[in-house]
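Position 131, counted from 1, in the sequence shown is what numbering that gives the first Met the number 0 calls 130; the numbers after and before it change by one each time, with no gaps.
All remarks here apply to the structure that follows.
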Amino acid sequence: MAFLRNLWQSNERRRLSRAQQLRGTVSTTRALLIDFDGVLRHRAPDVAVQCERDAGLPEGSLLTTAFEPVLLTPAATGAISQQEWENRITRTLQARYPDADVATAVATCFGEIGYIDDEVMAIVDAVRPHATICLISNATDRLRRDLAALGIIDRFDHAVASADLGIAKPDERVFAAVARLAGVPINRCMMVDDAPANTEAAQRLGMTGHTFTSAADLKKAVDDWLDRDLTDRTSPEVRDREAVRVLCLDPEDRLLLLHWRDPGNGAYLWEPTGGGVEPGESYIEAAHRELLEETGFLDVRIGPQSIPVRRDQLWRGKRFRNVEQFFVARISADQATTTPVLTETEVETLVGNRWWTWPDLLRTTERIEPVDLVHVLRTLVADGPWSDSFKTGM
């Protein structure tokens, strides 16, 4: 099924519009994560050299200085802005070369936004109907401004700069955060980067990794990935049931998740409180019962709004396919409680619980279910910190 191979030369780019995606006309179960500089964007190599010559700077000094960790790291992790980074580069170079026109060189060099590799962009466009497209770049707060200036800001479902997250590649938490924003399991993600260290880190996390060398190699790698069957078929038994979950939020918008250990394979996961609907129960009745049994919270008001979430997961060697109704409950600081009433199975498998801040929830590499939890939060609690993908609290 090499269904992409005839798309590469098409003049009609097969892209989904944002309106189509919001209507839910197409659902994707994979995510393509792609780097920006060195893969999609390139810069003329002689720009920095010419700036140095015009300013009277030694050749190579401008970029070498700019990428010194003491200057680059604060900018790449959002501690300082692009403008402050340029100011620090200017001050550092001016101190080293007092007779050079450093300010002009820095402004000219960093004002040049480069150009897009149209062949690589065409590959991304062709993949978009079949996967969520996520741009992930070790970049400053200027990333989206550059994307807009280059006319490609709407070609991605998510565009994430390391400055937004407060961490940079090859930190595995970067890839985990982007997968969580996409709502796609780690093993169904492919990371494309020109730095081997970054693709190797993504692979360690469980993603498919491809180190970019050319558009031709990328076409083959992406086509092979899309042809591959990523479905886990090792568990023969499928059990269907109706279930509910409750997103418990405290006054600081921290989310309560329960920590479970699967005795079948020893794997751990975090998920909101909840469980199966008993015969004769309504969804809201089941939500109240499960919340009381698992947390001991008394007299909690659960909001009437809910959304269905389809889940497919392994537990105790069995495959569960559920459609779960998700609700929201606000838990006050002085919430009345009683002793939880856990089943024998829950006593055996429940490890603990934790209130998660939005930054911690987004960036953790631990398994959190459901995989599209961010989408659920944005739907049910639209004014929370997750309303902005990059409001990480940094």
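All residues carry an ideal CB built from backbone N, CA and C; glycine is no exception.
Note that the coordinates shown come from a computational prediction; the quantities given were computed from them, not determined experimentally.
Taking 8 Å as the limit between beta carbons, can you name the residues of its chain near residue i, skipping five residues before and five after?
i    : result
R90  : none
D387 : none
R288 : E277, E280
E368 : L268, W269, E270, R310, Q312
Y96  : G55, L56, P57, S60
A162 : A74, A75, T76, G77, A138, T139, D140, L142
R240 : G275, V276, F319, N321
Classify residue i as helix, strand or coil using the three-state DSSP reduction.
i    : result
F296 : strand
R179 : helix
A160 : strand
T24  : Because the pLDDT of T24 is 31, which lies under 50, any placement of that residue in the model is unreliable, and the number read from its coordinates should be weighed accordingly. In this structure, T24 counts as coil in the three-state DSSP scheme.
V308 : strand
S136 : strand
G208 : strand
E241 : strand
A147 : helix
I301 : strand
Rounding to the nearest angstrom, what Cα-Cα distance links residue i and residue j in this structure?
i    : j    : result
R260 : N197 : 30 Å
D45  : V191 : 26 Å
L146 : V177 : 18 Å
C133 : D98  : 44 Å
E284 : N321 : 18 Å
I151 : D100 : 34 Å
I122 : W385 : 30 Å
V183 : T272 : 21 Å
Which residues in the same chain have their Cβ closer than 7 Å to the Cβ of residue i, if we skip the five residues on either side of it in sequence?
i    : result
P339 : E292, E293, T294, G295
F325 : R244, L246, S305, I306, V308, V375, L379
T72  : none
I112 : D145, A148, L149
T107 : C50
W195 : Here residue 195 turns out to be Pro, not Trp, going by the sequence shown. The answer, listed in chain order, is T210.
For residue i, which residues from the same chain have a beta carbon less than 6 Å from its beta carbon, with the 5 sequence-adjacent residues on both sides left out?
i    : result
S80  : D140
V105 : E85, I88, T89
T363 : none
On the criterion of 16 or more Cβ atoms from any shown chain inside 10 Å, does residue i qualify as buried, or is it exposed?
i    : result
H41  : exposed
A215 : exposed
F66  : exposed
E118 : exposed
Could you please give the first and the last residue of the uninterrupted alpha helix (DSSP H) stretch that includes residue i?
i    : result
T380 : Note that residue 380 is Val in the sequence shown, not Thr. Looking at the DSSP string, V380 is not in any alpha helix (DSSP H), and its letter there is neither H nor E.
Q202 : 195–204
V105 : 101–110
I88  : 81–95
L361 : 357–362
Terminal residues of the continuous beta strand (DSSP E) containing residue i?
i    : result
E323 : 317–329
E270 : 267–270
Just checking: is the beta-carbon of residue i within a distance shorter than 9 Å of some beta-carbon in chain D?
i    : result
G205 : Considering every chain present, this structure includes no chain D. It has just one protein chain.
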